[in-house]
Amino acid sequence: MMSSQTFIDLSRWQFATTAAFHMTFPALSVGLAIFVAVLYGAYYKTGNPLYLQMFRFWRSIFAIGFALGIVSGIVLTFELGLNWGNYARAVGPILGPMIVMEALMAFFLEAGFFGILVWGEGRVSKRVTFVSACMVAVGALFSTAWILDANSWMQTPTGYREVNGQFQPTNWYDAIFNPAFNWRFPHMVLAVLVSAAWFIAAIGAYYLLRRRALPLARKTMSMGLVAAAILLPIQLNVGDNMASYMTEVYQPDKLIAAEGNFNNGNTGWNVFAIPDQAQQRNYVQISLPNAESVFDFHNFSGDESVPGLKTIPQNLQPTVAPVFWGFRVMIYGAWAMFSVAFIGVILRLRRRLYTERWFLRLVLWMLPVGVIATIGGWVVSESGRQPWLVYGKLLVNSSASSLSTGELIASLAAFWVVYLVLITAWIRQVAREVRRGPDPLPDPLPGQEGEESALPGAAAAPAASGLAVTPVEA
Amino acid sequence: MLFFLMIVIVFALLAYVVLDGYDLGIGVLTLFQPDAARRRQMLEVVGNVWDGNESWLIMLAMGLWAVMPDAFATALPGLYIPLLVMIFGLILRGFSVEMALHRAASDRTWTRLFGVGSLIAAFAQGVLFGGLLCGVTVRNQLFAGATWDFFGHGYGVLTGLVTVTLFALAGAAMLQAKAGGALRGQMAGLVRPLALVTVGGVALSAALLPVATSAQLHLGAVDRWVPFGYAVLVAAGGFWTAYRRAGRGPDLVPFLAVTATEAAGLVALVALYFPQIVPPSVTLYSAGASRETLAFMVIAICVFVPGTLAYHAYSNWVFRGRQPLDDGAGPGSRPVVAASAPRPRSAEGGN
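Protein chains in written order, with my numbering: chain A, 1 to 474; chain B, 1001 to 1351.
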């Protein structure tokens, strides 16, 4: 029995929205895991209590996002089979082992040491805490690697044979190191690090604006911005080369859709377009002349162009709007992040980084940009693969389970409601932790005295240790 | 290889039932705990273990997907509703426990949601397990049944309730070993009534199974009824031990007894159902993946599972002893100065 088109469309919405929700948390927690490990490592090595204060503050923000990442990830592992039974049957022998590897190498590692990292302080030595922090970070990177691997195999399948409509591995090396993986893994690692770097820098900027916890604020923003300034040029380079050497070679349709031309020969780069796929044209199209030739082919003569969508049969074209706009969101986000990081470097050289309030406000606004750009990138990669589930081999339309649409609509509505509640609760919790501020240091550092006592609603109770000089909320 | 991997998957199922079973059970028990301080104490027992325990669920699901793709691709659509309900329950409780632990002890909402989520997840797991035992209609290697098939004319409700009481029993038994103070006595007192209710429920489910299921249950051959018989004896002995040793030391015995019962129950079901994986028509042999996949899985498991078990054992060792540990480093207290690791003083029950 063929599933109805409504069922397939709604299943795609379900997967897309739950995956985008999930992606928000790994996008932050992979970077935060590394940041937390670096902070504790710095404390372990130098004994500077400032690093310990930063570690404790960031650890508790990290922990709740990490929990949301875990539970929303469990959803995805089951969704692979729930609505997509035929897909699960077809790709299980190749993708199943990859995600088992993710569970074995990453989830167990993270979960085993996460408890020690978050609750073990005072019960284990500093060295064990540091090792645990490193293990959680390593686990997060392994997780990124394997999930990227499974997804990349669907983009550029290699090392398999087809038996009765099922993909079976013939060469694991080729399947694991498929062409897309080799580019997308570094691209994704950089993306999550950059996302976390802005999140970190923005919260540092918030404290600088509020003139609270200044030593922590300076160090936090500085570390975030340094990471962003180092990583962004690399990321722009990797992303650019990925489009040229991977997407263009192995997934030309995706690049065509991302550039959003219906006809051949536009050497300009579309800054803005409203595609009308039914009529095979753009309603509105604003191009930067000759820029596509430069951006996509590094050809400065300005006369090379990506082909138009009409070169692909209409039933095999990806839906242009999400690919085009996902790509624009990613690129514009990347340019914005690069510019702000560049300004930051200049201000730092002129020693005005911590005092220019307009810049601090700008950094605060950059808080979600990395995550948004990362999600934009995923929209490109997933909707640009359409109408294929396994590129060129398995159509989305022949991948679904035979189920009634009613239960799907109910579950879709439930996901949206629950996720809306969760993300609201998470944002409020992070805002609460940030407003409450870090626990004070044992010895007040210069410039910090008296700042936190202005905190509204702070109870005048001494902290647990009795060493606190400023009140904290119990 | 296939047989070895089937054992691994059954082991993952057992690990999940034993480990997440007790922490779901503790969640259910928080709903009936009138004392706020004790509720908090129960949450703290779950706080540093729940994510590791739930990793076994992912291992189970993805192992099944890799090794027996046909089973995964038919069982999930066939058990759609209970699976999704379970997922919502797990989302709710996983997020709530972290929220509750990172907020003040007076916070009631998240603690309550943690209990509700645990109850939903445990009940849904029972329903879906009952649905699986009753059988899933499969045609041309795809699910071809109806939406409410899993319900099994009400059999699912029975298995759902039994699972809730079984997990609550495991939770109470675990708290007898892990909780300090008045909570220990309170929970030890719950082990007996919960054990009795669970025994009754399990017996009733077992008696109704031949009527409810569309699968063939084999007990004729000697290699089936002998393991089945031993499993039933071990399960009965486990319940008996948990009942007898409730409230008495060594405090871990009731929990180990419940674990033995759960393991024996799974062995009994394997003896009844083998080689059906998604009864009645998807079997171990029809669902198995290709040779290259199986070889990869065997190597991956042999390389990584021992390490996994080792560091989970280490993590449990770090948090050995009773909660709350009186070293001032308990969850939520956010000590300002890291104490230089005093050993937990009341470690009598840990081993």
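Each residue gets a CB set at the ideal place from its N, CA and C atoms; glycine is no exception.
In its chain, beyond the 5 residues on either side, Y283 have a beta carbon closer than 6 Å to the beta carbon of A:D276.
Between B:W1050 and A:S401, the alpha-carbon positions lie close to 31 Å from each other. If you draw a straight line from the Cα of A:S381 to the Cα of A:F324, it comes to about 11 Å.
In this structure, the beta-carbon distance from A:S293 to A:N266 does not fall below 7 Å. Between A:P318 and the set A:V379, A:K45, A:L209, A:L141, the nearest pair of CA atoms involves A:V379.
Take the alpha-carbon of A:G260 and the one of A:S399: they are about 27 Å apart. Ranked by how close their Cα comes to the Cα of A:D149, the residues A:A137, A:R184, A:P169 have A:R184 in first place.
Pairing B:T1165 with B:L1119 gives a Cβ-Cβ distance that is not under 7 Å. Taken through DSSP and simplified to helix, strand or coil, A:P275 comes out as strand. If you look at B:E1292, you'll find it in the alpha helix (DSSP H) that goes 1291 to 1318. Using a 10 angstroms sphere on the CB of A:Y245, the tally of other CB atoms stays under 16, which defines it as exposed. For B:E1262, the uninterrupted alpha helix (DSSP H) segment begins and ends at 1253 to 1273.
Ranked by how close their Cα comes to the Cα of A:Q166, the residues B:P1069, B:H1153, B:G1181 have B:P1069 in first place. Of all residues in the region 1217 to 1231 of chain B, none places a beta-carbon less than 9 Å from a beta-carbon of chain A. Interface with chain B (7 Å Cβ-Cβ cutoff): A:I147 is excluded. Residues are counted here when their Cβ sits less than 8 Å from a Cβ of chain B; for the region 390 to 422 of chain A these are S401, S402, L403, S404, G406, E407, S411, A414, V418, L422, given in chain order. For a Cβ distance threshold of 8 Å, nothing in chain B lies close to A:G265: the least Cβ distance comes to about 45 Å. For the region 1098 to 1129 of chain B, residues whose beta-carbon sits nearer than 7 Å to a beta-carbon of chain A comprise E1098, M1099, H1102, A1104. Annotation: B:A1260 has no Cβ neighbours in chain A at a cutoff of 9 Å; minimum Cβ distance is about 24 Å. Neighbours of A:P215 in chain B, taken as residues whose beta carbon is under 7 Å from its own, are absent, since the nearest beta carbon is some 16 Å off.
By the C-beta criterion, the region 1114 to 1132 of chain B is judged not to be in contact with the region 99 to 110 of chain A, since fewer than 3 inter-stretch pairs fall below 8 Å. The secondary-structure analysis by DSSP pairs B:Q1276 across a beta bridge with B:T1283. Of all residues in the region 147 to 168 of chain A, only V163, Q166, Q168 place a beta-carbon less than 8 Å from a beta-carbon of chain B. With a threshold of 7 Å between beta carbons, A:S60 makes contact with chain B. With distances taken between CA atoms, A:I274 lies nearest to A:V320 out of A:S143, A:V320, A:V128, A:N151.
For A:F66, the CB contacts under 6 Å within the same chain, skipping 5 residues up- and downstream, are S29 in chain order.
Between A:M221 and B:M1187, the alpha-carbon positions lie close to 48 Å from each other.
Annotation note: the region 94 to 136 of chain A contains the following uninterrupted alpha helix (DSSP H) runs of length 4 or greater, listed N- to C-terminal: 108 to 119.
The beta carbon of A:F262 sits closer than 6 Å to the beta carbons of Q280, R281, G308, L309, K310 from its chain, once the five residues preceding and following it are set aside; these are given in chain order.
Interface with chain A (7 Å Cβ-Cβ cutoff): B:W1317 is excluded. Judged by DSSP in its simplified three-state form, A:N241 adopts helix. For B:H1153, there are no neighbours in chain A by C-beta distance under 7 Å, as the nearest C-beta there is about 19 Å away. Residue-level contact by beta carbon fails for B:G1321 and chain A, as no gap is shorter than 7 Å. When Cβ-Cβ separations below 7 Å define contact, A:T319 makes no contact with chain B. In the structure shown, A:Y283 adopts extended strand secondary structure according to DSSP, grouped into three states.
Nearest neighbour of B:A1168 by Cα position, chosen from B:V1018, B:A1012, B:I1081, B:F1011, turns out to be B:V1018.
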